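In the numbering used here, the protein residues as written are 1 to 499.
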């Protein structure tokens, strides 16, 4: 199989040569002696199994694949007629779990069964491999877009987050908004691809591409971008958030609401459900539904991993479904869909499909498409940065000081037994940095986080937001981004209409 490298040439997966033991039963002189001697070296095989393998007239039967050279030497020294070894290629992953959900794994015959390993095996090559006539698509190394330094940093911080917040899962993805290249992708719990069976343990789903979730208030970014771009609202508009909005017997209120008229930036900064519904209503539910299609939420992911899942968005919106969808409830998408959209909203409205392979700016331009205007994008950069300075992203910005983070949190109650359970939350922070020249989009997810201490909260700002800050603080220097503490940067993001 070809070696798999990160963007800087670091090995992520490689083949190593290992001995595998086989028997030619027709050449075994004393089966009882052979069984007795071999059981001491391969005690995991029981006597009846081994005897059945050796007591026959076959010319070839496998006894144990992928052994150590030391075990091979010991068995050779036993001098058992009819026992021999064949050298095979075994896949080895130097980083263990670090990039598990990107790389996937192979089976005992070195055929890809998950992740990038499966993607690299074309169907006809699998047939050749099964007959022993081929060992891989091409022995030229395959270079991914992944940056192992960034991948390691994200993995370490998410492992820490699982313990710090006693979460049942955590995940993250970081991509280049100009090329769509995925530099890091982590989903915990993960597995060791050197032990493929560990991928079958409970909870090992790749939550970034194969999990769909209600992503809560991160969707307010989508709703506001859609309405501004359509000219349905302007950055200077105000919205009545004094009273809950009723739909029949249902009432929708704000979490810690201000109970007053809010400007559009305040709707975003204070994460007002009421204000966001009014913005969606100004746009119209049909236009809002159409915008979700425009940003690609209906389409399957373009990413090369086999483990992907389609979004679950109602084909038509009733009034109440449109209202809840405006703030991220009642519809589910993958985290990678949202990370890609957030990047586009900051990147002059240009959406580039995500990829795990290297992609040049020239190649990216041929795939790019506009989802909002550059003018709308400028408003969205201001709103994202405002939220980091004064809203739910403050913790993130304080930790990653100087890196000009912008973004939106989302705290969504999970559905348990068909009902929303307020004690179990999915917490998300979708961010872009640096906001003066957006380059990277990142989404961090922490599932069922607990309070870190009695003084902290358990909404997304306290966990997913804090984790995002710690990751950006570590990886921004790796990516060549220098901290910028100039006050004029944030002043320049403020729209002329609000100065």
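Cβ atoms here follow ideal geometry from the backbone N, Cα and C, with glycine treated the same way.
These numbers were taken from a predicted model, which means no experiment stands behind them.
Exposure label - residue i; buried when at least 16 CB within 10 Å
| i | result |
| --- | --- |
| residue 151 | buried |
| residue 52 | exposed |
| residue 493 | buried |
| residue 450 | exposed |
| residue 17 | exposed |
| residue 369 | exposed |
| residue 473 | buried |
| residue 280 | buried |
| residue 133 | Low confidence applies to residue 133: its pLDDT is 46, below 50, so where it sits in the model is not reliable, and the reading given next is rough at best. So residue 133 counts as exposed. |
| residue 382 | buried |
| residue 395 | buried |
| residue 8 | exposed |
| residue 200 | exposed |
| residue 108 | exposed |
| residue 497 | exposed |
| residue 573 | For the chain, the structure presents residues 1 to 499; residue 573 sits outside this window and is missing. |
| residue 261 | exposed |
| residue 248 | exposed |
| residue 136 | The predicted model places residue 136 with a pLDDT of 49, which falls under 50 and marks its position as unreliable, so this point remains unresolved. |
| residue 327 | buried |
| residue 153 | buried |
| residue 491 | exposed |
Nearest neighbour of residue i, chosen from the options [CA to CA]
| i | options | result |
| --- | --- | --- |
| residue 411 | 463, 192, 76 | 463 |
| residue 112 | 59, 73, 3 | 3 |
| residue 157 | 178, 186, 407, 141 | 186 |
| residue 28 | 375, 198, 61, 105 | 61 |
| residue 300 | 312, 291, 289 | 312 |
| residue 79 | 404, 382, 43, 33 | 33 |
| residue 512 | 347, 353, 348 | The shown model of the chain, from 1 to 499, leaves out residue 512, and the question about it has no answer. |
| residue 414 | 428, 64, 345, 404 | 428 |
| residue 350 | 441, 423, 288, 315 | 441 |
| residue 470 | 283, 399, 270 | 399 |
| residue 220 | 322, 149, 166 | 322 |
| residue 189 | 475, 181, 208 | 208 |
| residue 174 | 468, 460, 364 | 468 |
| residue 347 | 15, 362, 439, 307 | 439 |
| residue 164 | 458, 277, 487, 495 | 458 |
| residue 228 | 115, 435, 241, 276 | 276 |
| residue 268 | 141, 393, 117 | 393 |
| residue 345 | 362, 84, 291 | 291 |
| residue 5 | 37, 356, 166 | 356 |
Continuous beta strand (DSSP E) stretch holding residue i: start and end
| i | result |
| --- | --- |
| residue 250 | 250-252 |
| residue 423 | 419-433 |
| residue 16 | 11-23 |
| residue 240 | 238-240 |
| residue 115 | Element bounds for residue 115: not the beta strand (DSSP E) but the alpha helix (DSSP H), 115-120. |
| residue 297 | Here residue 297 belongs to no beta strand (DSSP E), and DSSP marks it neither H nor E. |
| residue 247 | 245-247 |
| residue 490 | Element bounds for residue 490: not the beta strand (DSSP E) but the alpha helix (DSSP H), 487-493. |
| residue 171 | 169-176 |
| residue 263 | 261-263 |
| residue 184 | 182-188 |
Unbroken alpha helix (DSSP H) run spanning residue i, endpoints
| i | result |
| --- | --- |
| residue 478 | 464-478 |
| residue 405 | Looking at the DSSP string, residue 405 is not in any alpha helix (DSSP H), and its letter there is neither H nor E. |
| residue 93 | Neither: residue 93 is in no alpha helix (DSSP H) and is coded neither H nor E. |
| residue 235 | It is not in any alpha helix (DSSP H) - residue 235 carries neither H nor E in the DSSP assignment. |
| residue 274 | 273-283 |
| residue 365 | 361-367 |
| residue 227 | 219-230 |
| residue 397 | 394-399 |
| residue 102 | 100-103 |
| residue 443 | Premise fails: residue 443 lies in the beta strand (DSSP E), 440-447, not in any alpha helix (DSSP H). |
| residue 374 | 374-390 |
| residue 150 | 148-164 |
Nearest-angstrom beta carbon gap, residue j and residue i [assumed within contact, 8 Å]
| i | j | result |
| --- | --- | --- |
| residue 225 | residue 380 | 5 Å |
| residue 169 | residue 203 | 6 Å |
| residue 92 | residue 194 | 7 Å |
| residue 253 | residue 244 | 4 Å |
| residue 519 | residue 64 | What the structure shows of the chain is the stretch from 1 to 499, and residue 519 is not part of that stretch, so it cannot be assessed. |
| residue 285 | residue 319 | 7 Å |
| residue 448 | residue 425 | 7 Å |
| residue 213 | residue 332 | 6 Å |
| residue 436 | residue 479 | Not quite, the Cβ-Cβ distance comes to about 15 Å (not below 8 Å), so this is no contact. |
Contact test: residue i Cβ vs the ligand COA heavy atom, cutoff 7 Å
| i | result |
| --- | --- |
| residue 9 | Absence of the ligand COA from the depicted structure is noted, as is the absence of any ligand whatsoever, leaving it without description. |
Next item on the list: Any chance you could list the beta strand (DSSP E) runs of at least 3 consecutive residues sitting entirely within the region 300-345, in chain order?
Entry: Correct list: empty.
Notebook entry, point to check: Counting only runs that start and end within the region 38-94, where is the beta strand (DSSP E) found for 3 or more residues in a row?
Noted result: Those beta strand (DSSP E) runs which fall completely within the region 38-94 and span 3+ residues are 61-64, 83-92.
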